[in-house]
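Numbering (this note's numbering), first residue to last: 2 to 170.
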């Protein structure tokens, strides 16, 4: 029974892109765990908690993406060795500074957002509204997390100077 009313030849590209996203999220999840365990310094408490929040969210998304592939009646990629081969997210040493960790995560967010947009394009071509809907909410979540991490790494003094300038202009 084809409850999706979408032909297999239209779904194959969507499943391929979802599996790429699944690989990206799986490697990203493990990188966040590693950063959570290894962050040091004055920002430890903030980042330790933030990394846990991010990897908890990533864990949920890994499961949801795999289940979407299953909903489309295909098997999700499930070997970590395969994830490492196809993911645009790469492993890095956790022995870096807190600011380097945040920069690395923001770089990963750019790659994941790019893959989500590619996935949406494939889903639009197939008429797969379910995948489009899921990706839309994921994009909003990741953009918000990116904004917050980017704000964290800003120099407060620079922001105050900008505000002071605006007040005198």
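Ideal Cβ positions, reconstructed from N, Cα and C, are used throughout, including at glycine. All values reported here derive from a predicted model rather than from experimental measurement.
I think residue i touches residue j, with their Cβ atoms under 8 Å apart; what is that distance to the nearest whole Å?
| i | j | result |
| --- | --- | --- |
| residue 49 | residue 61 | That belief does not hold up - the Cβ atoms of residue 49 and residue 61 are roughly 19 Å apart, past 8 Å. |
| residue 85 | residue 77 | Residue 85 to residue 77, Cβ: 16 Å. No contact. |
| residue 107 | residue 143 | That pair is no contact at about 10 Å. |
| residue 32 | residue 93 | 7 Å |
| residue 154 | residue 100 | 6 Å |
Suppose the cutoff is 7 Å on Cβ atoms and the five residues either side in sequence are ignored; what does the same chain contact list for residue i look like?
| i | result |
| --- | --- |
| residue 117 | 22, 136, 139, 140 |
| residue 182 | A question about residue 182 goes unanswered here, because the residues of the chain that appear run from 2 up to 170. |
| residue 119 | 18 |
| residue 134 | none |
| residue 7 | 127, 128, 129 |
Leaving out five residues on either side along the sequence, give the residues of the same chain with a beta carbon under 6 Å from the beta carbon of residue i.
| i | result |
| --- | --- |
| residue 102 | 36 |
| residue 73 | 12, 16 |
| residue 110 | 143, 147 |
| residue 175 | A query on residue 175 cannot be resolved here, the shown segment of the chain reaching from 2 to 170 and no further. |
| residue 149 | none |
| residue 53 | 37 |
Can you list, in chain order, the residues of its chain with a C-beta nearer than 8 Å to that of residue i? Leave out the 5 residues immediately preceding and following it.
| i | result |
| --- | --- |
| residue 2 | Caution is warranted here: a pLDDT of 48 is assigned to residue 2, below 50, making its placement in the model unreliable, and no coordinate value can be reported. |
Looking at residue i and the ligand GDP, is the gap between the Cβ and the nearest heavy atom below 7 Å?
| i | result |
| --- | --- |
| residue 158 | The ligand GDP is absent from the structure shown, which contains no ligand whatsoever. |
Quick check for students: name the residue ranges of the alpha helix (DSSP H) that lie wholly in the stretch 46-129, counting only runs of 4 or more. 81-87, 99-127
Can you confirm whether the stretch 5-16 touches the stretch 127-146 when touching is taken to mean that 3 or more C-beta pairs between the two stretches lie within less than 8 Å? yes
Note down, one range per segment and in chain order, each alpha helix (DSSP H) of at least 4 residues found wholly within the stretch 9-48. 9-39
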